[in-house]
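Chains as they are written, first to last, in my numbering: chain A, 36 to 145; chain B, 24 to 261. See structure below.
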Amino acid sequence: MSVSQSTWLVALGGGLLLLTLDLLRRRRLREELAWGWFLLSVLLLALGWGELPPEEVGVALPLVGGAAMVVGLSLSVWISTLSRQVQTLTRELALLRAQVERDPEGGHGG
Amino acid sequence: MSPTRSVAIIPAYNEARVLPGVLRGLKECAPELDVVVVDDGSGDDTAQVARQGGATVLRHVFNLGYGAALETGFQYAWQRGYEEVVTLDADGQHPPSEVVHLLAALRAGRGEVILGSRFLGRGDYQAPWLRRLGIAVFRCIGRAATGLPLTDPTTGFQALSRRALRVCLYGHWPHDYPDVEVLIHLHRRGLTLTEVPVKMLPPPEGDVSMHDGLMPLYYVYKNAVAIPLALLFAGRPS
């Protein structure tokens, strides 16, 4: 791997690590969702610093790509779950609000 | 007090301008119907005009999508014990005077899901060419998937029996576009789907539709994913 490639990988991994830590600090990112980004940044840093011979770079890069895919997919599943939960809550709130508006005294409407 | 047998469910998003006319039309043409407007997070006075028009209003605090709004209405209808449900759009494309045709077919036992088709000879509805092309494609898919001679598989003008309502609520219901994939699910669960001719009107000028902008691209993509999944995994007919 050339020096410039190593530099880019270290910069990318380090930048991702710092960004993840900053988002955690500002509570914009939950710890349980940060694992994937920690993993990716560590892999990128290891790849950049590791001074791997060219034949091993060809193995390592797909591994990093695969890790990125796993992270992306798990986040998509998480977001889909949250979306369904929001839908359910919104629906229940709408039905409850209609019930309350129908019967503002708070009895059991029929 | 036993609930009224029939309810009209109208999903609405920013339709304060046109909705009063729809509600007046329903009162004149189908006075026996209870009317429920599902305000899907509108930014205008949709909820207020719906109440003023005598409708029960279910209000989403966020915009969830047409399918999600319908599902909220279905949930309400199920909980209240309604036996017949009519769905129609809030933008005036579905004339309230045509509701009687849907209900008549449902009550005559012609099917548990009555689809109001704009292409069976009533009225002279002309959709834009791109929309017609899309409907034609989904018509072919719907026919191939169900074996039924469907002409308007994307219609939102429908009447459902209570049994169909149950299937809609306890099966898979999409939050965005409940079109062909839903028909496949309903058909596979043994429900009878029947089309009846209805008149439809063009959307009012200046109205923002859920099919505007880039949404047609998403619509094509969504159905390209959802329809094969429905074909593979929807329940088999009894």
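Every residue, glycine too, gets a C-beta built ideally from N, C-alpha and C. Please read these numbers as outputs of a predicted model, since none were measured by experiment.
For residue i, would you say it is in contact with chain A, using Cβ-to-Cβ distances shorter than 9 Å as the test?
i        : result
B:Glu94  : yes
B:Gln181 : no
B:Pro260 : In this prediction, B:Pro260 has a pLDDT of 48, which is less than 50 and means its spatial position is unreliable; what the coordinates show is noted afterwards. So no, B:Pro260 is outside the interface.
B:Gln102 : yes
B:Thr69  : no
B:Tyr99  : yes
B:Thr20  : This structure gives no information on residue 20 of chain B, because the portion of chain B shown stretches from 24 to 261.
B:Ala91  : yes
B:Phe256 : no
B:Arg28  : no
B:Val108 : no
B:Arg185 : no
B:Val61  : yes
B:Leu87  : yes
B:Arg82  : yes
B:His117 : no
B:His195 : no
For residue i and residue j, what's the separation of their Cα atoms in angstroms?
i        : j        : result
B:Ala39  : A:Leu130 : 21 Å
B:Ser65  : B:Tyr36  : 5 Å
B:Ile33  : A:Val106 : 40 Å
A:Glu90  : A:Leu96  : 11 Å
B:Ile158 : A:Leu59  : 48 Å
A:Leu64  : B:Arg28  : 50 Å
A:Glu67  : A:Ser118 : 18 Å
B:Arg189 : B:Trp101 : 7 Å
B:Arg185 : B:Tyr99  : 12 Å
B:Ala92  : A:Ala133 : 14 Å
B:Val45  : A:Ala103 : 51 Å
A:Val99  : A:Thr42  : 16 Å
A:Glu140 : A:Leu52  : 55 Å
B:Glu135 : A:Ala69  : 49 Å
B:Gln149 : A:Asp57  : 55 Å
B:Arg103 : B:Arg166 : 34 Å
A:Gln122 : B:Gly96  : 13 Å
B:Val59  : B:Val109 : 10 Å
A:Leu82  : B:Leu153 : 50 Å
B:Gly144 : A:Trp113 : 47 Å
B:Glu204 : B:Thr215 : 15 Å
B:Arg181 : A:Ser111 : A small fix is needed here, since residue 181 of chain B is Gln in this sequence, not Arg. Near 34 Å, if we compare the C-alpha coordinates of A:Ser111 and B:Gln181.
A:Glu136 : B:Ala249 : 37 Å
B:Asp114 : B:Gly132 : 29 Å
B:Gly179 : B:Met223 : 11 Å
B:Ala257 : A:Trp84  : 51 Å
Assuming residue i contacts residue j under a Cβ cut-off of 8 Å, what Cβ separation, rounded to an integer in Å, is found between them?
i        : j        : result
B:Ser120 : B:Gly48  : 7 Å
B:Leu209 : B:Ala187 : 7 Å
B:Phe84  : A:Thr125 : Just to set this straight, residue 84 of chain B is Val in the shown sequence, not Phe. About 6 Å separates the two Cβ atoms, so the contact holds.
A:Gly71  : A:Ser109 : 7 Å
B:His117 : B:Leu111 : 4 Å
B:Leu173 : B:Arg162 : 6 Å
A:Val45  : A:Leu80  : 6 Å
At least one CB of chain B closer than 9 Å to the CB of residue i: is that the case?
i        : result
A:Val121 : yes
A:Thr116 : no
A:Glu136 : yes
A:Ala23  : Given a span of 36 to 145 for chain A in the structure shown, any question on residue 23 of chain A remains unanswerable.
A:Leu108 : no
A:Ala46  : no
A:Leu52  : no
A:Ala129 : yes
A:Thr125 : yes
Pick helix, strand or coil for residue i, following the three-state DSSP scheme.
i        : result
B:His117 : coil
A:Asp57  : helix
A:Val112 : helix
B:Tyr193 : helix
B:Thr177 : coil
B:His198 : coil
B:Arg74  : helix
B:Ser140 : strand
B:Ala131 : coil
A:Ser118 : helix
B:Arg82  : strand
B:Glu204 : helix
A:Gly144 : Note that A:Gly144 scores 46 on pLDDT, short of 50, meaning its location in the model is unreliable and no value can be drawn from it.
B:Ala182 : strand
B:Glu106 : coil
Between residue i and the ligand FMN, is the CB less than 8 Å from at least one heavy atom?
i        : result
B:Asp114 : As presented, the structure is devoid of all ligands, the ligand FMN included, so that no description of it is given.
Just list the beta strand (DSSP E) runs in the region 206–257 of chain B, keeping only unbroken ones of 3 residues or longer that don't cross its boundaries, in chain order. Complete beta strand (DSSP E) runs here, min 3: 216–220.
Where in the region 36–98 of chain A do unbroken runs of the beta strand (DSSP E), each at least 3 residues long, occur, reported from the N-terminal end onward? The qualifying runs do not exist here; there are none.
Ordered list of beta strand (DSSP E) runs contained in the region 25–59 of chain B, each at least 3 residues: Listed in chain order, they are 29–35.
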